[in-house]
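A.B. asks: Counting in the numbering used here, the final residue of the sequence shown is number 510, and the numbers go up one at a time with none missing.
Next up is a structure, given as structure tokens.
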Amino acid sequence: MKEILHELEARRERARMGGGAARIDAQHKRGKLTARERIEVFLDEGSFEEFDMFVEHRSTDFGMEKTKIAGDGVVTGWGTVNGRTVFVFAKDFTVFGGSLSETHAQKIMKVQDMALKNRAPIVGLYDAGGARIQEGVAALGGYAEVFQRNVLASGVIPQISVIMGPCAGGDVYSPAMTDFIFMVRDTSYMFVTGPDVVKTVTNETVTAEELGGASVHTTKSSIADGAYDNDVDALLQVRRLIDFLPQSNTSPVPEIECFQSVEETDASLDTLVPANANKPYDIKELIAKTVDEGDFFEIQESFAKNIVCGFGRIEGATVGFVANQPMVLAGVLDSDASRKAARFVRFCDCFGIPVVTFVDVPGFLPGTAQEYGGLIKHGAKLLFAFAEATVPKVTLITRKAYGGAYDVMASKHLRGDINYAWPTAQIAVMGAKGAVEIIFRKDIADPEKIAAHTKMYEDRFLSPFVAAERGYIDEVIMPHSTRKRIARALRLLRNKDLENPWKKHDNIPL
Ligand code: HXC
Numbered sequence: 001m002k003e004i005l006h007e008l009e010a011r012r013e014r015a016r017m018g019g020g021a022a023r024i025d026a027q028h029k030r031g032k033l034t035a036r037e038r039i040e041v042f043l044d045e046g047s048f049e050e051f052d053m054f055v056e057h058r059s060t061d062f063g064m065e066k067t068k069i070a071g072d073g074v075v076t077g078w079g080t081v082n083g084r085t086v087f088v089f090a091k092d093f094t095v096f097g098g099s100l101s102e103t104h105a106q107k108i109m110k111v112q113d114m115a116l117k118n119r120a121p122i123v124g125l126y127d128a129g130g131a132r133i134q135e136g137v138a139a140l141g142g143y144a145e146v147f148q149r150n151v152l153a154s155g156v157i158p159q160i161s162v163i164m165g166p167c168a169g170g171d172v173y174s175p176a177m178t179d180f181i182f183m184v185r186d187t188s189y190m191f192v193t194g195p196d197v198v199k200t201v202t203n204e205t206v207t208a209e210e211l212g213g214a215s216v217h218t219t220k221s222s223i224a225d226g227a228y229d230n231d232v233d234a235l236l237q238v239r240r241l242i243d244f245l246p247q248s249n250t251s252p253v254p255e256i257e258c259f260q261s262v263e264e265t266d267a268s269l270d271t272l273v274p275a276n277a278n279k280p281y282d283i284k285e286l287i288a289k290t291v292d293e294g295d296f297f298e299i300q301e302s303f304a305k306n307i308v309c310g311f312g313r314i315e316g317a318t319v320g321f322v323a324n325q326p327m328v329l330a331g332v333l334d335s336d337a338s339r340k341a342a343r344f345v346r347f348c349d350c351f352g353i354p355v356v357t358f359v360d361v362p363g364f365l366p367g368t369a370q371e372y373g374g375l376i377k378h379g380a381k382l383l384f385a386f387a388e389a390t391v392p393k394v395t396l397i398t399r400k401a402y403g404g405a406y407d408v409m410a411s412k413h414l415r416g417d418i419n420y421a422w423p424t425a426q427i428a429v430m431g432a433k434g435a436v437e438i439i440f441r442k443d444i445a446d447p448e449k450i451a452a453h454t455k456m457y458e459d460r461f462l463s464p465f466v467a468a469e470r471g472y473i474d475e476v477i478m479p480h481s482t483r484k485r486i487a488r489a490l491r492l493l494r495n496k497d498l499e500n501p502w503k504k505h506d507n508i509p510l
């Protein structure tokens, strides 16, 4: 009996060594943790239960039958993050570069199926070279099975990918179908085909970092939602994100204890908007002063900075924030900002997370670059996302809400539940100068007349009251009471019950 127990321990020990001491050392020398070390950092201490530790590949081509390694390049199982169940798989780069074989795919599929059946988030830690070349179509088929499960789980359970090494092929397509992708700076790359293939096909010379490093994917392509300096930081930040997310689309949003009363007012907000309407201010200050204890998890912080998206809590419960940022391009809506915010709003709506929208937007960005780039369709994505969302929607216009952008930004007309404005709000088709030059074109040569028309336009339209008179704004509120008012609105909406008409799925302009 004792021998059998020893045999189990010995087998486990061999499996834990993955591709062997030399490859583990190489992993560490590159500043990366191993798959098991990553899981240990990510999950609550001692909570990891591993599945399929002894699975091996079945390939016999290219002499593969002589190189079988228990676990076959991926560590899978489940554990907890601050007590809540999370399924996890971590690619083991020390075993065939973490590449995916038929059996490796089956291990991932098993945890995907379990996560979906048990309605819990799934997190993939990627450090892998795509399909196992020696297995050919068996590996390709394995990927497609993983992709299919990504799609079926989309909108049912949160799926998060963390890119922690060089990733290619299927190891970028599966993450691309998950809700969030995070990367580690300087050690992680994502590309469909690597620099060598690029050189052969297009004759471009490009480094892995230039082709698919964290800075490219967080600032240019917007593939990644955030990047961190090292493995540990990335894993701890993903734990923080998971704390904000519900377990599934049928679970309530998580609620934790709130240590900051919502009854307190904040007088500094009364002077946040500068007297000069063309001067910027930082909308993140308003977000920080609205959420509990200033705790805000921003998504895509380095991309389309003219709109801010992220999670916070009010009275302990998760809320999604979307806010125009007057500090960047005056908060204008362009294609990138629209796509970024649309995806975020749709995530919130999938998972029952209320959306709070702060509006200070001078309109959509004019110009050929935007029009040729498909601004009409990208802008429509955000409009579509806000309009279809049935979660509680609370909107606050702090300053400008001009033109189509007024409509788009969770206006009353798109089923905004509670729409507030500060007294500094200006809700109009456009700013005074542009408006007067169009409707009083005949007086353009007479500065006195133009000044009079401008004053009249400003007095009449550049305030929240025309909209408030029509009921498009439910109430004009004092800036200092913002947190309290939004908290009250969200409390009111806790039992909101709204359904869209039945459909197979919508046809959002992609
Ligand atoms: C089998 C692989 C492998 C793969 C790496 N290895 N990728 N084995 N299949 N796909 C092995 C290497 O042979 C090596 O084994 C070990 O992993 C480490 O790889 P290195 O190349 O030494 O590491 P590095 O220099 O860091 O480069 C990592 C890499 C590179 C950028 C990932 O290995 C690479 O380009 N791999 C191929 C990527 C690729 O084209 N994959 C197929 C994509 S198609 P030893 O024994 O020496 O340690 C695909 C289809 C999916 O995925 C469908 C999508 C729609």
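Cβ atoms here follow ideal geometry from the backbone N, Cα and C, with glycine treated the same way.
Which stretch, first to last residue, makes up the alpha helix (DSSP H) that contains LYS29?
C.D. replies: For this step, residue 29 is matched to residue 29 along the sequence shown. Unbroken alpha helix (DSSP H) run through LYS29: 21-29.
A.B. asks: In chain order, what residues of the same chain lie with their CB nearer than 7 angstroms to the CB of HIS217, ignoring the 5 residues before and after it?
C.D. replies: Working through the sequence shown from its first residue, we reach residue 217 at position 217. Hits under 7 angstroms: MET183, MET190, ILE223 and ALA224.
A.B. asks: Find out if the Cβ-Cβ distance for the pair THR583, GLU40 is shorter than 8 angstroms.
C.D. replies: Because residue 583 is not part of the residues shown, which for the chain are 1 to 510, the question remains open.
A.B. asks: Provide the residue span of the beta strand (DSSP E) that contains THR398, from first to last.
C.D. replies: The residue labelled residue 398 in the question sits at position 398 within the sequence shown. Unbroken beta strand (DSSP E) run through THR398: 393-402.
A.B. asks: Which residues in the same chain as PRO479 place their Cβ atom closer than 6 angstroms to its Cβ, once the five residues preceding and following it in sequence are excluded?
C.D. replies: In the sequence shown, the residue the question calls residue 479 occupies position 479. Here the set comprises LEU269, ASP270 and TRP422.
A.B. asks: From the DSSP output, which residues share a beta bridge with VAL184?
C.D. replies: Mapped onto the sequence shown, residue 184 falls at position 184. DSSP lists TYR228 as partners of VAL184.
A.B. asks: Which complete beta strand (DSSP E) runs does the stretch 214-267 hold, if anything under 3 residues is left out?
C.D. replies: 226-228
A.B. asks: So, is GLN112 buried or exposed, given that buried needs 16 or more other C-beta atoms within 10 angstroms?
C.D. replies: Against the sequence shown, residue 112 aligns to sequence position 112. So GLN112 counts as buried.
A.B. asks: Does DSSP put TYR472 in a helix, a strand or coil?
C.D. replies: For the purposes of this step, residue 472 is taken as the residue at position 472 of the sequence shown. Reduced to three states, the DSSP call for TYR472 is coil.
A.B. asks: Rank VAL156, THR187, THR193 and PRO158 by C-alpha distance to the C-alpha of TYR173 and give the top, closest one.
C.D. replies: Stepping through the sequence shown from its first residue, residue 173 is reached at position 173. Residue THR193 is the option with its Cα nearest to TYR173.
A.B. asks: Consult DSSP for PHE62 and reduce its assignment to one of helix, strand or coil.
C.D. replies: Taking the first residue of the sequence shown as position 1, residue 62 is located at position 62. Here PHE62 sits in helix by DSSP.
A.B. asks: Taking 7 angstroms as the line, does the beta carbon of ALA214 fall inside it for any heavy atom of the ligand HXC?
C.D. replies: Residue 214 sits at position 214 when you count from the first residue of the sequence shown. Checking every heavy atom of the ligand HXC against the Cβ of ALA214, none is found closer than 7 angstroms.
A.B. asks: With DSSP as the reference, label TYR420 as helix, strand or coil.
C.D. replies: On the sequence shown, position 420 is the one that residue 420 refers to. Collapsing the DSSP output to three states places TYR420 in a strand.
A.B. asks: May I ask you to report which of helix, strand or coil DSSP gives ALA428?
C.D. replies: In the sequence shown, counting from the first residue as 1, residue 428 sits at position 428. In this structure, ALA428 counts as strand in the three-state DSSP scheme.
A.B. asks: Alpha carbon to alpha carbon, what distance is there between LYS289 and PHE321?
C.D. replies: Reading the sequence shown from its first residue, position 321 is the one you call residue 321. Reading the sequence shown from its first residue, position 289 is the one you call residue 289. PHE321 and LYS289: Cα-Cα distance of roughly 13 angstroms.
A.B. asks: Cβ of SER99 within 7 angstroms of any heavy atom in the ligand HXC?
C.D. replies: Mapped onto the sequence shown, residue 99 falls at position 99. Yes, the ligand HXC has a heavy atom inside 7 angstroms of this Cβ.
A.B. asks: My assumption, with CB atoms under 8 angstroms, is that GLN426 sits in contact with ALA323. Please give the rounded CB distance.
C.D. replies: Residue 426 sits at position 426 when you count from the first residue of the sequence shown. Residue 323 sits at position 323 when you count from the first residue of the sequence shown. Contact doesn't hold; Cβ gap of about 17 angstroms is too wide.
A.B. asks: Find the nearest neighbour of ARG343 within the set PRO501, SER302, GLY403 and PHE386, judged by alpha-carbon distance.
C.D. replies: In the sequence shown, the residue the question calls residue 343 occupies position 343. Per the Cα distances, PHE386.
A.B. asks: What are the start and end residues of the alpha helix (DSSP H) that includes PRO195?
C.D. replies: Here residue 195 refers to the residue found at position 195 of the sequence shown. Note, PRO195: alpha helix (DSSP H), 195-202.
A.B. asks: For SER251 and chain B, any beta-carbon pair shorter than 8 angstroms?
C.D. replies: Judged by its chain identifiers, the structure shown contains no chain B, having just a single protein chain.
A.B. asks: Quick check: the Cα distance between VAL238 and PHE296, rounded to an integer number of angstroms?
C.D. replies: By 1-based counting over the sequence shown, the position of residue 238 is 238. By 1-based counting over the sequence shown, the position of residue 296 is 296. Computed Cα separation, rounded: 13 angstroms.
A.B. asks: Below 7 angstroms, is the gap between the Cβ of TYR143 and the nearest heavy atom of the ligand HXC?
C.D. replies: As a first step, residue 143 is located in the sequence shown; it is residue number 143 there, counting from the start. Yes, Cβ of TYR143 sits closer than 7 angstroms to a heavy atom of the ligand HXC.
A.B. asks: Taking 8 angstroms as the threshold, find out whether the stretch 436-443 comes into contact with the stretch 410-422 through three or more Cβ pairs.
C.D. replies: no
A.B. asks: In terms of residue numbering, what span does the alpha helix (DSSP H) encompassing ARG149 cover?
C.D. replies: Within the sequence shown, residue 149 is the residue found at index 149, counting from 1. Its alpha helix (DSSP H) spans residues 137-153.
A.B. asks: Per the contact definition of three or more C-beta pairs closer than 8 angstroms, is the stretch 328-340 in contact with the stretch 375-384?
C.D. replies: yes
A.B. asks: Measure the Cβ-Cβ separation of ARG12 and MET64 and say whether it is below 8 angstroms.
C.D. replies: On the sequence shown, position 12 is the one that residue 12 refers to. On the sequence shown, position 64 is the one that residue 64 refers to. The Cβ-Cβ distance between ARG12 and MET64 does not fall below 8 angstroms.
A.B. asks: So, is GLY73 buried or exposed, given that buried needs 16 or more other C-beta atoms within 10 angstroms?
C.D. replies: Position 73 of the sequence shown holds residue 73. Answer is buried; the Cβ neighbour count reaches 16.
A.B. asks: Give a single yes or no on whether GLY169 has its beta carbon closer than 7 angstroms to a heavy atom of the ligand HXC.
C.D. replies: Here residue 169 refers to the residue found at position 169 of the sequence shown. Flag set: Cβ of GLY169 near the ligand HXC.
A.B. asks: Cα-Cα, which of ALA275, GLN247, VAL355 and CYS350 is closest to ILE287?
C.D. replies: For the purposes of this step, residue 287 is taken as the residue at position 287 of the sequence shown. Answer by Cα proximity: VAL355.
A.B. asks: Just to confirm, are ILE508 and PHE384 a CB contact at a threshold of 8 angstroms?
C.D. replies: One-based indexing of the sequence shown puts residue 508 at position 508. One-based indexing of the sequence shown puts residue 384 at position 384. Annotated as proximal: ILE508 and PHE384, with beta-carbon spacing under 8 angstroms.
A.B. asks: Determine the extent of the alpha helix (DSSP H) in which VAL345 is found, giving its start and end residues.
C.D. replies: Counting from one through the sequence shown, the residue named residue 345 turns up at place 345. From DSSP, the alpha helix (DSSP H) with VAL345 extends over 335-350.
A.B. asks: Between the Cα of GLY79 and those of ALA90, GLY98, ALA26 and CYS350, spot the shortest distance and give me the residue it belongs to.
C.D. replies: Within the sequence shown, residue 79 is the residue found at index 79, counting from 1. For the residues ALA90, GLY98, ALA26 and CYS350, the minimum Cα distance to GLY79 belongs to ALA90.
A.B. asks: Can you check DSSP and say which residues form a bridge with GLY310?
C.D. replies: Mapped onto the sequence shown, residue 310 falls at position 310. Beta-bridge pairing links GLY310 to GLU298 and PHE321.
A.B. asks: Is DSSP giving VAL88 helix, strand or coil here?
C.D. replies: As a working mapping, residue 88 is identified with position 88 in the sequence shown. Three-state DSSP puts VAL88 in a strand.
A.B. asks: Considering only heavy atoms of the ligand HXC, does any lie closer than 7 angstroms to the CB of ALA131?
C.D. replies: Residue numbering aside, residue 131 sits at position 131 when the sequence shown is read from its first letter. Correct: ALA131 has its Cβ closer than 7 angstroms to the ligand HXC.
A.B. asks: If we count the other Cβ atoms within 10 Å of its Cβ and call it buried at 16 or more, is GLU210 buried or exposed?
C.D. replies: Reading the sequence shown from its first residue, position 210 is the one you call residue 210. That one is exposed.
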